[in-house]
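Those sequence lines, one after another, are chains A and B. Numbers 1 to 402, taken from this note's numbering, label the letters of the first sequence in order. Numbers 1 to 439, taken from this note's numbering, label the letters of the second sequence in order. Note sheet for the following structure.
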Amino acid sequence: MEFGPIWRAAMRNKTGALLVVLQVAFTQALIVNAVAIVERQSLIMGRPSGIDEANIFHVRSSAFADNFNSRGAIEEDLRLLRGTPGVTAAVQINSVPISGSGMSMALQTTPGDQANGVPTSVYYVDEQGVDALGIELIAGERFRPEDADWVQGVGLWPPRTILSKTLAEALFPEDPGLGVGKIVYIGETQPMTVAGVVEKLSAPWPGWDLAEHSILVPRHPVSTDTTYLIRTEAGRRDALMPDIERALAEREPGRIVLDMLTMEQTRERTFDIGGAIVTILVFTVTLLVAITSLGVAGLTSFNVTRRYKQIGMRRALGATRGQILRYFLAENFLFTAIGIVLGAILAVAINFVLVTSFDVPRFSWVWMPVSMLGLIVVSLVAVLFPARRAAQVPPAVATRTV
Amino acid sequence: MQGSGLLAYNFWLALRNIRRNVVLSILMVVAIGIGIGASMSMVTVNYRFQANPIPEKSDVLHYVRLDSGDPNAQNDAPPNQLTYLDATALLRAKRAFREAAMSQARMAVVPPDREQRPFFARARATSADFFAMFNAPFAHGGGWTAAEDEGAEQVVVLSAPTNDRLFGGENSVGRTLRLANGDYRIVGVLDEWEPSTLFWDTSSGGPGPVEDVFVPWSLIVANALQRQGNTNCWKPLDGTGLSAFLNSECVWIQYWAELRNEAEHDDYVAFLDAYATEQKALGRFPRPLDNRATPLMDWIAEDGGVPNEARVLLGLSILFLAVCLINTLGMLLAKFLGKASEIGIRRALGASRGRLMQQYLVEAGIIGIAGGLLGIALTWAGLRGIDGLIDEDLGSFLVIDWKMALAAVGLAILATLVTSIYPTWRACSVQPSVYLKSN
């Protein structure tokens with residue numbers, strides 16, 4: 001290729017070359033960092049919870065009346081929910097997956113404060129827990145009705161628990177039986193027998209490093225403020241929701257039934273800001289690529305106009321249209337290549353600042369070649385139209401001017 | 001030609017040039033407008049987190065902190081909130097011109113219209129001075145008196161939206177409202193009140209509408225209201241129940257004092273130090289004396305910081321603006337160099353280089369102003385877009401005020417002028433002889 005003459009020509013018009021290089025470099029740096037943020041956010045937002053989200057909703061009951069019988073109300077509510085046709089299973093639960101608020105504890109396989117605890121999220125449920133969440137039991141058995149205790153405030157931990165598979169593997173890496181029947185210690189010293197293991201159950205915090213570490217504990221916390229999680233038969237959820245809300249409110253007027261949400265709505269709520277940031281960044285990057293390609297096209301177009309006479313001269317001296325077209329494409333390729341190399345350095349520098357001071361994730365290296373290649377393609381396409389105009393310059397131009 | 005006459009001539013020439021090259025000029029205005037719109041949207045978001053929510057009083061409102069904290073903690077500032085013991089002592093001492101203790105709570109509301117279901121209201125329990133201190137606008141009635149607060153009377157002030165919801169917007173002062181487990185007499189109804197953030201409570205406030213109901217501070221204990229918001233305890237509670245909590249070292253109360261001048265401020269801090277010293281004698285306040293009454297804006301800068309997400313987006317948007325400006329630079333270069341022959345002829349006819357540069361800078365300035373105006377429109381659209389993307393009610397948080405609008409145009413003009421210096425210089429450096437020779 002004729003990079004030699006291109007380079008010498010560029011050195012005679014440093015500004016034009018520099019403008020393309022800088023534009024491409026800034027664009028590359030911005031894309032790589034924006035993609036890093038979008039990628040992590042999408043990963044968190046796309047993480048499956050393991051539960052049957054399409055058929056689950058949850059609702060909160062909060063009492064205000066004096067001398068409210070909390071335990072009685074929970075028992076009555078569960079009876080009402082479980083007796084409603086179309087409801088597959090229903091539980092009182094202390095926190096909802098994906099909701100962003102919940103409880104965590106550490107588990108260990110030997111008692112005492114020397115052992116390293118494995119952090120996990122904790123869900124209080126009862127014998128219907130596995131079915132209400134719609135999770136798959138892959139080993140052991142469900143809780144029995146007599147397992148669940150009724151506790152006000154804090155109490156000793158119940159004797160049985162169900163683990164998520166990821167957690168079971170972390171606690172019992174050697175055991176093909178995933179630890180079923182073995183003892184884990186919670187709060188350093190309190191033993192619980194592993195009753196079963198479920199395939200997948202995420203923690204309430206989707207952004208957590210250990211997002212799939214969860215346990216089920218058979219317990220009814222006795223409180224005036226409680227949440228129920230209800231799973232319906234496929235497709236009946238949306239129709240049942242208003243009925244159940246009304247039935248709960250009418251059954252006990254001394255409390256307020258609030259925050260009734262499907263799992264989709266819970267996701268929307270949790271990812272409100274994160275989702276907005278993804279949209280903003282995707283929009284920004286798209287706009288940026290459009291502006292950059294317009295800019296590159298504009299600068300090339302300007303160059304074609306300025307070199308009108310030289311192009312005519314070259315044509316007169318025997319250059320083919322293809323050669324002229326190739327010249328401009330090659331010129332653009334050269335500048336873009338310098339730009340993306342500069343952009344890569346800039347991207348790393350910016351990412352370093354973002355990672356160290358703003359908790360932005362390090363970008364995955366695969367995006368570097370992808371964005372480089374993408375920018376070269378976009379830039380070549382942008383240059384194609386002015387370059388074709390250059391190729392159309394008639395050789396006769398050379399004869400007309402001095 | 002001198003002074004304004006020359007400027008007018010340059011202005012006329014610039015307009016003529018812009019009209020002759022409409023497409024390129026529009027493209028430049030659009031590039032600058034988009035760049036300004038993107039960056040100013042993010043600047044505004046960042047600025048709003050630090051904006052002055054109450055300019056007319058920000059210098060007299062002070063956030064009060066007492067260092068009752070953990071002696072082993074590595075803090076260089078006192079805890080963000082007060083204990084109940086200390087808030088009560090300060091209220092009793094009445095050393096400020098106005099002062100208020102406050103906390104967020106949740107109260108069940110039983111609507112007078114039996115068709116409506118009960119719901120939870122966001123409540124603020126606070127002292128009588130709250131309304132006067134923060135210039136709360138009343139549509140009907142007013143706040144409660146200090147005596148009513150001390151007497152733990154069940155009175156309530158409703159926000160405008162709450163009054164609309166419960167009483168269809170009528171003047172409800174004097175009527176009774178069932179709240180939690182008591183009947184409350186409505187003493188005041190607020191007018192529309194939309195401070196940019198709930199600055200009086202940085203722990204649970206932030207952007208969003210003001211609380212639904214306001215009740216006297218004493219009720220938080222007398223009626224055992226369901227308290228909400230941040231609570232921090234460094235020392236285990238001595239016993240159980242409400243009284244153990246109230247006598248604990250747990251901090252959960254925001255405390256504001258209106259101090260009208262330097263002298264009042266110094267007196268008040270001296271009083272706080274004296275109080276803390278007294279408490280030390282009783283075995284409390286194990287840390288060195290560090291008691292503060294921080295002016296509102298300093299407090300916002302210290303505590304109500306800008307979220308990381310907003311800062312990162314601001315940085316990226318400035319990079320975006322840079323690309324837009326590089327684009328504009330290219331277009332200006334193309335445009336001005338395209339005028340080379342005209343410039344050559346004018347130079348040959350005696351126009352000085354300085355005069356020509358002035359003309360082109362005026363032209364760039366006009367493009368800058370147009371870009372800035374488009375930028376304001378796009379900033380507005382951008383903020384509406386962001387507001388639409390976020391489901392949470394941000395109240396009047398994302399608005400563009402005249403300062404930001406002015407800044408947008410200023411930034412656009414400045415950016416365009418800086419950008420145009422090089423193309424202008426290049427254009428005006430042409431040798432007249434070259435262009436006189438060619439056709």
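Ideal Cβ placement from N, Cα and C applies to all residues, glycine included.
Does the region 279 to 287 of chain A come into contact with the region 121 to 132 of chain A, if we say contact requires no fewer than three beta-carbon pairs (one atom in each stretch) closer than 8 Å?
Output reads no: the region 121 to 132 of chain A does not touch the region 279 to 287 of chain A.
Check this for me: beta carbons of A121 of chain B and D212 of chain B, under 8 Å apart or not?
Taking 8 Å as the Cβ cut-off, A121 of chain B and D212 of chain B qualify as a contacting pair.
In terms of residues, what are the limits of the alpha helix (DSSP H) holding A146 of chain B?
146 to 150
Report buried or exposed for M11 of chain A, applying the criterion of at least 16 other Cβ atoms within 10 angstroms of its Cβ.
exposed
Which listed residue (A:R389, A:Q28, A:T286) has its alpha carbon closest to that of N351 of chain A:
A:Q28
With DSSP as the reference, label R16 of chain B as helix, strand or coil.
helix
Exposed or buried, E249 of chain B, counting other C-beta atoms within 10 Å across all chains shown (16 or more means buried)?
buried
Candidates B:K57, B:Y255, B:R106: closest to P195 of chain B by CA position
B:K57
Is the region 393 to 404 of chain B close to the region 39 to 54 of chain B, with three or more CB pairs under 8 Å?
yes
Please report whether the beta-carbon of F143 of chain A lies at a distance below 8 Å from any beta-carbon of chain B.
no
Verify whether the separation of the beta carbon atoms of R231 of chain A and A89 of chain A is less than 8 Å.
yes
Sequence-distant residues of its chain with Cβ nearer than 7 Å to Q228 of chain B (five each side left out)
Q104, A105, R106, S204
Whole-angstrom Cβ separation of I244 of chain A and L30 of chain A, contact assumed at under 8 Å?
With a Cβ gap of about 48 Å, I244 of chain A and L30 of chain A do not count as contacting.
Go ahead and label Q81 of chain B buried or exposed: buried means 16 or more other beta carbons lie within 10 angstroms of its beta carbon, across all protein chains shown.
buried
Rounded to the nearest angstrom, what separates P48 of chain A and V130 of chain A at their Cα positions?
For P48 of chain A and V130 of chain A, the distance between alpha carbons rounds to 16 Å.
Keeping to the same chain, check which residues put their C-beta closer than 6 Å to that of I318 of chain B; ignore five residues upstream and five downstream.
S39
Whole angstroms are fine: how far does the CA of V418 of chain B sit from the CA of G365 of chain B?
10 Å
Less than 6 Å between C-beta atoms, sequence neighbours within five positions excluded: which residues of the same chain meet that for A77 of chain B?
none
Three-state secondary structure assigned by DSSP to G86 of chain A
coil
Within 10 Å of its beta-carbon, does D164 of chain B have 16 or more other beta-carbons around it, so buried, or fewer, so exposed?
exposed
Can you find the residues in the same chain that come closer than 6 Å, C-beta to C-beta, to G462 of chain B, ignoring five residues on each side of it along the sequence?
There is no way to answer for residue 462 of chain B, as the model of chain B reaches only from 1 to 439.
Beta-carbon contacts of D387 of chain B that lie in its chain and below 7 Å, excluding the five residues immediately before and after:
L394, L398
R219 of chain A to W150 of chain A span [Cα, whole Å]
The straight-line gap separating the alpha-carbon atoms of R219 of chain A and W150 of chain A is approximately 6 Å.
For V360 of chain A, which residues in chain B fall below 7 Å Cβ to Cβ?
V312
Alpha carbon to alpha carbon, how far is G338 of chain B from L24 of chain B? Give it in angstroms, no decimals.
12 Å
Helix, strand or coil: how does DSSP classify I215 of chain A here?
strand
How many angstroms separate the CA atom of G330 of chain B from the CA atom of S42 of chain A?
36 Å
Using a beta-carbon distance cut-off of less than 7 Å, what residues from the region 381 to 412 of chain B approach chain A?
I386, L389, I390, D391, E392
Here's the rule: buried if 16 or more other CB atoms are within 10 angstroms of the residue's CB, otherwise exposed. What is I311 of chain A?
buried
Is it the case that the Cβ atoms of L190 of chain B and L177 of chain B are separated by a distance below 8 Å?
no
So, helix, strand or coil for N232 of chain B, using DSSP?
The three-state secondary structure of N232 of chain B, taken from DSSP, is strand.
CB L246 of chain B to CB V215 of chain B, shorter than 8 Å?
no
Would you mind stating whether D77 of chain A and S95 of chain A have Cβ atoms separated by less than 8 Å?
no
Residues near V35 of chain A by beta carbon distance below 6 Å, same chain, minus five either side
Shown here for V35 of chain A: same chain residues with a beta carbon closer than 6 Å to its own, the five before and five after excluded, namely W367 in chain order.
From this set, A:V32, A:A195, A:A387, A:V257, which residue's C-alpha is nearest G140 of chain A's C-alpha?
A:A195
Taking a Cβ distance cut-off of 8 Å, strictly less, list which residues of the region 313 to 338 of chain B are near chain A, in chain order.
L313, G315, L316, S317, L319, F320, A322, V323, C324, I326, N327, L329, G330, M331, L333, A334, L337, G338
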